[in-house]
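Which chain is which? The protein sequence lines are Z and P, in order. Under our numbering, read the first sequence as residues 6 to 307, first letter to last. Under our numbering, read the second sequence as residues 16 to 144, first letter to last. Glycine included, every Cβ here is placed at the ideal spot set by N, Cα and C.
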Amino acid sequence: MSTLLEQFVLESQEILQNLTDKILLLEKNPADKELIHELFRGVHTLKGNSGLFDFKPINHVLHRSEDLIVAIREGHISFSQEVADQLLHVIDFISMLVDEIRQTGSLKGEYEKTALELSQLLNSYVPSNQKVEKTKKGKKQTKKGKKQKELTKEENPLEEKVREFLFDIPEKIRIGIFQEIVAKKQLQVVFYHPEEECFFKGEDPFYLARNVPGCLWGNIQPRKKKLPDLIDFDCYRCFLDFSILTTATQDELLEHFKFIAEQVQIVQLSPYSLILPKGKANGGPVYADFVNEGLVLLEGGE
Amino acid sequence: MKQKEKRILILDDAATVRLFERTILSEAGFHVDEAINGSEAIEKILLNGHYDLYLVDINMPKMDGYSFMKELRSMEIDQAPALMVSTESEEFDREQAFRAGANYYLTKPIKPEVLLTYVRILLGIGGTR
Numbered sequence: 006m007s008t009l010l011e012q013f014v015l016e017s018q019e020i021l022q023n024l025t026d027k028i029l030l031l032e033k034n035p036a037d038k039e040l041i042h043e044l045f046r047g048v049h050t051l052k053g054n055s056g057l058f059d060f061k062p063i064n065h066v067l068h069r070s071e072d073l074i075v076a077i078r079e080g081h082i083s084f085s086q087e088v089a090d091q092l093l094h095v096i097d098f099i100s101m102l103v104d105e106i107r108q109t110g111s112l113k114g115e116y117e118k119t120a121l122e123l124s125q126l127l128n129s130y131v132p133s134n135q136k137v138e139k140t141k142k143g144k145k146q147t148k149k150g151k152k153q154k155e156l157t158k159e160e161n162p163l164e165e166k167v168r169e170f171l172f173d174i175p176e177k178i179r180i181g182i183f184q185e186i187v188a189k190k191q192l193q194v195v196f197y198h199p200e201e202e203c204f205f206k207g208e209d210p211f212y213l214a215r216n217v218p219g220c221l222w223g224n225i226q227p228r229k230k231k232l233p234d235l236i237d238f239d240c241y242r243c244f245l246d247f248s249i250l251t252t253a254t255q256d257e258l259l260e261h262f263k264f265i266a267e268q269v270q271i272v273q274l275s276p277y278s279l280i281l282p283k284g285k286a287n288g289g290p291v292y293a294d295f296v297n298e299g300l301v302l303l304e305g306g307e
Numbered sequence: 016m017k018q019k020e021k022r023i024l025i026l027d028d029a030a031t032v033r034l035f036e037r038t039i040l041s042e043a044g045f046h047v048d049e050a051i052n053g054s055e056a057i058e059k060i061l062l063n064g065h066y067d068l069y070l071v072d073i074n075m076p077k078m079d080g081y082s083f084m085k086e087l088r089s090m091e092i093d094q095a096p097a098l099m100v101s102t103e104s105e106e107f108d109r110e111q112a113f114r115a116g117a118n119y120y121l122t123k124p125i126k127p128e129v130l131l132t133y134v135r136i137l138l139g140i141g142g143t144r
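As C-alpha cells, this is what we get:
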C-alpha cells in the first residue's frame, strides 16, 4: 500500500470516529450550529480525500451526505433522529469500505448498488429547491416566517411525479407500449437530473438520456426553478431534467449511468401502471370506485 | 531563480491532501512547507519569511482560505501568487476567491499534471522541467 493510501486510511478512520461522536452529541443538541458545522467539515474533508482516489461508492455517498448536512445547516430541514440514523448508517458503510482498503489496498467489492441506494435515500431528505440552489451561499430558500418542518420520506412526491410523467404519454402510444411489454413485466422510469455544471465535466445529458437501453418513451422538462435574469443567464449550465420509460433492468441502468449514478432516480413499475383512465367520468364516487376497482383487478391479473 | 529554490506553502487541514500535494511538488523539485490552517500559515510566514507561492484550501478550521488571503494581501509587499483549491461543491465560490486576492482557482480532485502546470505558470517558469 502506498504511503498516500496509508495516510488516507488513517485520516479516514479518525474522521469517521469523530463524525460518530458529533452525531451522538447532536442527538442531544440537534440545534447546535457549531456541531453541525463540524459535521459538515468532517464529511467535506473525507470527500476531498477520497476524491484523490478512484473510490466512487465512497464519493457518491459522501457527496449526498454533504448535501443533507448543508440542508440542515441552511435551515431547510431539522436534525431529526431519522436523519441521525441515516448518517450513522453512512458512517458504518464507509467504515466497512475503508477497512477493506486497509486490508487489501483497494476496493474490489461490488458496492455501487448499495452506494446508490444510500445516496438516493439521503437525497430524499433534501428539499428539491436546495438541490438547485445549494451552492449559492447566503441565498436561503426558506421563506421568512415559514414554519420549519422535518421532512420525511412520506412527503417525497415521487409517486405523483411518475403518474404525471405517464399521464403525459399520448394514450395511443401508452397503450401500445403496454401491449408490447405486458408479458415481460419489466418496466422502469428513470428520472435524470443532470448537475448544472455537467458540461464542464465532459457529460452530455441529452446523449446519455437518448441512449438509455430499452428506451420506450422520454421527455425533457425545464427545471422547476426560476431561471436567472437574462444578464445573469449562463447558457453553459444545464437547466433540464429528463424522464425516460424503459424496459432495461436496474443493473443495465446502473451500468449506463455508472459515472453519475447519484443523479438518477430509478422507479420500478408494473406494466399496469400504464393504464391510466382519462376523460370525464360524469363525476360522482361511483365512477371513481369503478376505476379503482378496475385497476386493482388488472393488477391482480384478473 | 531556479525551480528548486522556489518555496511553496501548502495550506490544508486534510493530511492526505497535504501529502498528495507535497509529494507532487517535492518530486518536481520545489521546496515545500505545510500549514494546517490560515493562522499556522501566518506564523510560518512570520518565522520563515515569505514564500514564492501559496496553495490554499478554502475550508479550514480557525482561519479559512479567504481570511488567510485577506491577511496575506494586507501584510505582503511582493504579492506572491496564490492558487486556491477547493472541492466541487464550492465551485460558485470562485468569484469570492478572486476577490480575496487569489491568482487562480482549481477544483479538487486535482490531477498532478494540472497542479504542476498552474504552479509553474504562476511562478513564471512555464515550460521549465
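DSSP-derived helix/strand/coil call for residue i
i                      : result
residue 262 of chain Z : coil
residue 123 of chain P : strand
residue 101 of chain P : strand
residue 197 of chain Z : strand
residue 23 of chain Z  : helix
residue 112 of chain P : helix
residue 277 of chain Z : helix
residue 191 of chain Z : coil
residue 72 of chain P  : strand
residue 149 of chain Z : At residue 149 of chain Z the pLDDT is 38, less than 50, meaning the model places this residue with poor confidence; the figure from the coordinates comes in the next sentence. Note: residue 149 of chain Z maps to coil in three-state DSSP.
residue 59 of chain Z  : coil
residue 247 of chain Z : strand
residue 43 of chain Z  : helix
residue 49 of chain Z  : helix
Residues near residue i by beta carbon distance below 6 Å, same chain, minus five either side
i                      : result
residue 47 of chain Z  : 20, 23 and 24
residue 154 of chain Z : The predicted model places residue 154 of chain Z with a pLDDT of 40, which falls under 50 and marks its position as unreliable, so this point remains unresolved.
residue 250 of chain Z : 194, 221 and 222
residue 226 of chain Z : 246
residue 179 of chain Z : 279
residue 128 of chain P : none
residue 32 of chain Z  : 89
residue 30 of chain P  : none
residue 27 of chain Z  : 40, 43 and 44
Distance CB(residue i)-CB(residue j) smaller than 8 Å
i                      : j                      : result
residue 71 of chain P  : residue 40 of chain P  : no
residue 50 of chain Z  : residue 28 of chain P  : yes
residue 166 of chain Z : residue 196 of chain Z : yes
residue 274 of chain Z : residue 266 of chain Z : no
residue 309 of chain Z : residue 254 of chain Z : The requested residue 309 of chain Z does not occur in the structure, where chain Z is confined to residues 6 to 307.
residue 124 of chain Z : residue 92 of chain Z  : no
residue 96 of chain P  : residue 138 of chain P : yes
residue 10 of chain Z  : residue 110 of chain Z : yes
residue 81 of chain P  : residue 26 of chain P  : no
residue 248 of chain Z : residue 172 of chain Z : no
residue 60 of chain Z  : residue 112 of chain Z : yes
residue 268 of chain Z : residue 201 of chain Z : no
residue 109 of chain P : residue 120 of chain P : yes
residue 52 of chain Z  : residue 102 of chain P : yes
residue 57 of chain Z  : residue 35 of chain P  : yes
residue 276 of chain Z : residue 192 of chain Z : yes
Cβ-based neighbour list, residue i, same chain, cut-off 7 Å, excluding 5 preceding and 5 following
i                      : result
residue 35 of chain Z  : 83 and 84
residue 158 of chain Z : In this prediction, residue 158 of chain Z has a pLDDT of 41, which is less than 50 and means its spatial position is unreliable; what the coordinates show is noted afterwards. The residues are 129.
residue 125 of chain P : 100
residue 37 of chain P  : 25, 47 and 49
residue 214 of chain Z : 197, 223, 247 and 249
residue 131 of chain Z : 72, 73 and 76
Cβ neighbour criterion (16 or more within 10 Å) applied to residue i
i                      : result
residue 132 of chain P : exposed
residue 116 of chain P : buried
residue 145 of chain P : Residue 145 of chain P is absent from the model: chain P starts at 16 and stops at 144.
residue 101 of chain Z : exposed
residue 233 of chain Z : exposed
residue 188 of chain Z : exposed
residue 21 of chain P  : buried
residue 175 of chain Z : exposed
residue 8 of chain Z   : exposed
residue 67 of chain P  : buried
residue 94 of chain P  : exposed
residue 118 of chain Z : exposed
residue 75 of chain P  : buried
residue 130 of chain P : buried
Partner residues on chain A for residue i, Cβ-Cβ distance less than 8 Å
i                      : result
residue 124 of chain P : Among the chains of the structure shown, chain A does not appear; the protein chains present are Z and P.
Beta-carbon proximity list for residue i, same chain, < 8 Å, skipping 5 on both sides
i                      : result
residue 55 of chain Z  : 13, 17, 63, 64 and 67
residue 79 of chain P  : 52, 53 and 73
residue 204 of chain Z : 241, 242 and 243
residue 86 of chain P  : 53, 57 and 78
residue 99 of chain Z  : 17, 21, 51, 63, 66 and 67
Between the region 19-40 of chain P and chain Z, which residues of the former have a C-beta closer than 8 Å to a C-beta of the latter?
-> 28, 29, 30, 31, 32, 34, 35 and 38
Interfacial residues, the region 256-270 of chain Z to chain P, with Cβ spacing under 7 Å = none
Near-chain P residues of the region 185-198 of chain Z - C-beta to any C-beta below 7 Å | none
Between the region 85-102 of chain P and chain Z, which residues of the former have CB atoms less than 7 Å from a CB of the latter, in chain order?
-> 102
If you measure beta-carbon to beta-carbon, which residues of the region 52-74 of chain P are closer than 9 Å to chain Z?
-> 72 and 74
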